[in-house]
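All remarks here apply to the structure that follows.
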Amino acid sequence: MKNTKPAAANVIALKQILNLIPLGMIHRIANETGIGKKSRTFSVVSHLTAMLFAQLSRAIGLNDVCDWLRLKAPVLARFGVTPPSRNGLSHANKERDALFAEKLFWSVLGHLQHACPSFAAGKKGKGLLRRFKVRIHAVDSTVMQLVANCMDWAKHRRRKAAAKMHLRLDLHNFLPSFAIVDTAGEHDNKRAREVCAGILPGEVVVFDKAYVDFAHLADLDQREVSWVTRAKDNMKYRVVKNLAKGNVKIVKDQRIALKDKHHGMILRRVEAWVEVDGQMRLMAFITNNFDWSAQTVCDLYRRRWDIEVFFKQVKQSLKLGSFLGHSANAVKWQVYTALMVYVLLRYMAHLAEWGHSFTRLFAVMRSTLWERICVLALLKSYGTASGRFRVLGALNQAWLPGFAPSTS
């Protein structure tokens, strides 16, 4: 029997990206969150497609998304997607529970990691990541500025509004393992327990001093989770023992005991010269691990800065600088669909053994969304001298009368 399934080259690139999300998974989570029954003409699949397209195209606003999709209505109709109206998309972002987008993101991530174990494992890496056989997690947050006069729920300081995303990043595969989207008014340490809840015994977590809560740090120690963070300047302690430094960059390596309400808690404090942006800075770190060398403690904290690279990739490439809706629900829809696009593109890059930056990957995918082209073949051949995707001919140039170049 002849295979009627269309080849990848006969399907537009946007559809090839959407095909990575199982349709049954979308319907199941829509029913679980209660938004499946409420959708009529504008289905959940159409809503999801519109939001993913907004990210992939870096659309300016609601009108940009809706006008573009309406122009492509005949193409979208082939795979059951209805272009939204401006009011329809705005209403869906406001009223349809963003828990759907959150659950779908984690389900898609788990599905892709199960489908390709090497994607879940990540690269072997160099140096520190290769030496550690256990997972190393980095925890941090990023602030997304909003429009203050439209978003009372996200008031931040006097004349600003902002949302904040707390994220735990697996440094081995550079993929999120936990995320919370909330207002920016709450201090980071209020979310520390929630962000670190899923870390397993024996694993390592590094975070900034904004997440320091000594009661939580003691809880991590009881769970046999090793952690490294910056020491606060106002931390009160007494030195129990000075340890051997073993490195010229290590100024102090101490066993300390905390004072005040955390009296008696024993920690390790390492003070060292660390290179930051080409300049040497004196930094103090604390940890609950006494087996590592002082240099390893410093190196682990330096890897925390990898999560800032992740935030930079997501915020510079995807649409998180401006928002399509003003409600908390609409903001969450946009954040989780941005993370979903990031994971989908990273997965395709992994399959194609993409060797360039994520920014370049996003630019290539953005330019080919409506092209009938095999995306994996394109990514595999991109940047090679023998790549099959090249310009085969050029259209005749039309010139205004009197402006045609001379042929003599």
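Residue numbers (our numbering): 6 to 413.
Glycine residues also receive a C-beta, built at the ideal position from the N, C-alpha and C atoms.
Note that this is a predicted model, so its numbers are computed, not measured.
Roughly how many whole angstroms lie between the Cα atoms of G251 and F295?
The residue labelled residue 251 in the question sits at position 246 within the sequence shown. The residue labelled residue 295 in the question sits at position 290 within the sequence shown. C-alpha separation (whole angstroms): 14 Å.
What's the call for D265, buried or exposed, on a 16-neighbour Cβ count within 10 Å?
Residue 265 sits at position 260 when you count from the first residue of the sequence shown. Flag for D265 reads exposed.
For A4, tell me which candidate among K43, P27, A357 and A106 has the shortest Cα-Cα distance.
Outside the shown range of the chain (6 to 413) lies residue 4, about which nothing can therefore be said.
Secondary structure at W73, three-state DSSP: helix, strand or coil?
Translated into the one-based positions of the sequence shown, residue 73 becomes position 68. Correct three-state label for W73: helix.
Between the CA atoms of L287 and K20 - distance to the nearest angstrom:
Counted from its first residue, the sequence shown places residue 20 at position 15. Counted from its first residue, the sequence shown places residue 287 at position 282. Distance between the alpha carbons of K20 and L287: 51 Å.
Closer than 6 Å by C-beta to A215: which residues in its own chain qualify, once you throw out the five before and the five after it? Chain order, please.
To locate residue 215, count along the sequence shown from 1; it is residue 210. Excluding sequence neighbours, A215 sits near D193.
Could you say which of D304, H268, D145 and K320 lies nearest to A223 if we only look at CA atoms?
Along the sequence shown, one-based indexing puts residue 223 at 218. Considering only D304, H268, D145 and K320, the residue with the shortest C-alpha distance to A223 is H268.
What does the alpha-carbon distance come out to for the pair L349 and E208?
One-based indexing of the sequence shown puts residue 349 at position 344. One-based indexing of the sequence shown puts residue 208 at position 203. For L349 and E208, the gap between their C-alpha atoms comes out near 26 Å.
Could you give the DSSP three-state label for H171: helix, strand or coil?
Walking along the sequence shown from the start, residue 171 turns up at place 166. Taken through DSSP and simplified to helix, strand or coil, H171 comes out as strand.
7 Å Cβ shell around L75 - same chain, five flanking residues per side excluded
For the purposes of this step, residue 75 is taken as the residue at position 70 of the sequence shown. Before going on, a small fix: residue 75 reads as Arg here, not Leu. Excluding residues within five positions, the ones whose Cβ falls inside 7 Å are P88.
Our contact map puts L117 next to L25 with C-beta atoms below 8 Å; I'd like the distance itself, whole angstroms only.
The residue given as residue 117 occupies position 112 in the sequence shown. The residue given as residue 25 occupies position 20 in the sequence shown. That belief holds up - the Cβ atoms of L117 and L25 are roughly 7 Å apart, short of 8 Å.
With L53 and I31 assumed to form a contact (beta carbons below 8 Å), what rounded beta-carbon distance in angstroms separates them?
Here residue 53 is taken as the residue at index 48 of the sequence shown, counted from 1. Here residue 31 is taken as the residue at index 26 of the sequence shown, counted from 1. Correct: roughly 7 Å between the Cβ atoms.
Which residues does DSSP pair with I185 in a beta bridge?
Counted from its first residue, the sequence shown places residue 185 at position 180. Looking at the DSSP assignment, I185 forms a beta bridge with H171.
Considering only the alpha carbon of each residue, which of K320, N334 and S332 lies closest to V346?
Start at 1 with the first residue of the sequence shown, and residue 346 comes out as number 341. Comparing Cα positions, the closest option is K320.
Could you tell me the alpha carbon to alpha carbon distance between R307 and V279, rounded to whole angstroms?
Start at 1 with the first residue of the sequence shown, and residue 307 comes out as number 302. Start at 1 with the first residue of the sequence shown, and residue 279 comes out as number 274. Computed Cα separation, rounded: 9 Å.
Using a Cβ-Cβ cut-off of 7 Å (strictly less than) and excluding sequence neighbours within five positions of L248, which residues of its own chain qualify?
Mapped onto the sequence shown, residue 248 falls at position 243. So the qualifying residues of the chain are D258, Q259 and R260.
Going by the CB atoms, is the gap between V256 and E276 shorter than 8 Å?
Here residue 276 refers to the residue found at position 271 of the sequence shown. Here residue 256 refers to the residue found at position 251 of the sequence shown. At a Cβ-Cβ threshold of 8 Å, E276 and V256 count as neighbours.
Starting from R235, follow the beta strand (DSSP E) in both directions and report where the run begins and ends.
Counting from 1 along the sequence shown, the entry for residue 235 is found at position 230. Here the beta strand (DSSP E) through R235 covers S231 to R235.
Going by C-alpha distance, which of S322, H331, Q339 and S327 is nearest M370?
Within the sequence shown, numbered from 1, the residue matching residue 370 stands at position 365. The option with the nearest alpha carbon to M370 is S322.
Over the uninterrupted beta strand (DSSP E) stretch that includes T292, give me the two end residues.
Working through the sequence shown from its first residue, we reach residue 292 at position 287. Run containing T292: Q284 to T292, per the beta strand (DSSP E) assignment.
Mind checking D238: buried by the 16 CB within 10 Å criterion, or exposed?
Taking the first residue of the sequence shown as 1, we reach residue 238 at position 233. Residue environment analysis places D238 among the exposed positions, since fewer than 16 neighbouring C-beta atoms fall within 10 angstroms of its C-beta.
Given that a residue counts as buried once 16 or more other Cβ atoms are within 10 Å of its Cβ, and exposed if not, what is G330?
Working through the sequence shown from its first residue, we reach residue 330 at position 325. With 16 or more other Cβ atoms from the protein chains shown falling within 10 Å of its own Cβ, G330 counts as buried.
So, using beta-carbon positions, are T234 and F183 closer together than 8 Å?
For the purposes of this step, residue 234 is taken as the residue at position 229 of the sequence shown. For the purposes of this step, residue 183 is taken as the residue at position 178 of the sequence shown. No.
Keeping to the same chain, check which residues put their C-beta closer than 7 Å to that of S90; ignore five residues upstream and five downstream.
Residue 90 sits at position 85 when you count from the first residue of the sequence shown. Hits under 7 Å: C71.
For D218, I'd like the list of residues in its chain whose CB is within less than 6 Å of its CB, leaving aside the five on either flank, ordered along the chain.
Position 213 of the sequence shown, counted from the first residue, corresponds to residue 218. Cβ neighbours of D218 within its own chain (closer than 6 Å, five residues either side excluded): N194 and A197.
Apart from the five residues just before and just after R173, which ones in its own chain have a Cβ nearer than 6 Å to its Cβ?
By one-based count along the sequence shown, residue 173 stands at place 168. Taken in chain order, the residues that qualify are H142, V144, S182, F183 and V200.
Buried or exposed: which applies to W338, given that a residue is buried once 16 or more other Cβ atoms fall within 10 Å of its Cβ?
Residue numbering aside, residue 338 sits at position 333 when the sequence shown is read from its first letter. Buried is the label assigned to W338, since at least 16 other Cβ atoms lie within 10 Å of its Cβ.
Does DSSP put T54 in a helix, a strand or coil?
Position 49 of the sequence shown holds residue 54. Three-state result, T54: helix.
Coarse secondary structure for R63, derived from DSSP in three states
Residue numbering aside, residue 63 sits at position 58 when the sequence shown is read from its first letter. DSSP places R63 in coil when its eight states are reduced to three.
Buried or exposed: Q284, going by 16 or more other Cβ atoms within 10 Å of its Cβ?
Position 279 of the sequence shown, counted from the start, is the residue given in the question as residue 284. The residue is exposed, with fewer than 16 neighbouring Cβ atoms inside 10 Å.
Suppose contacts are defined by Cβ-Cβ distances below 8 Å. Is T301 in contact with A106 by that definition?
Within the sequence shown, the letter at position 296 stands for residue 301. Within the sequence shown, the letter at position 101 stands for residue 106. Taking 8 Å as the Cβ cut-off, T301 and A106 do not qualify as a contacting pair.
Beta-bridge partners of V245, as assigned by DSSP:
Here the question's residue 245 lines up with position 240 in the sequence shown. DSSP, once it has assigned bridges, lists no residue as partnering V245.
When we look at the beta-carbon of A35 and count the other beta-carbons within 10 Å, is it buried (16 or more) or exposed?
On the sequence shown, residue 35 is found 30 positions in, with the first residue counted as 1. A35 sits buried, since 16 or more C-beta atoms from the chains shown fall within 10 Å of its C-beta.
W111 - containing alpha helix (DSSP H), residue span
Position 106 of the sequence shown holds residue 111. Start and end: L104 to A120.
Can you tell me the Cα-Cα spacing of K254 and V245, whole angstroms?
By one-based count along the sequence shown, residue 254 stands at place 249. By one-based count along the sequence shown, residue 245 stands at place 240. If you draw a straight line from the Cα of K254 to the Cα of V245, it comes to about 22 Å.
Start and end of the alpha helix (DSSP H) containing F363?
Sequence index remark: in the sequence shown, residue 363 carries index 358 (1-based). Residues F363 to S372.
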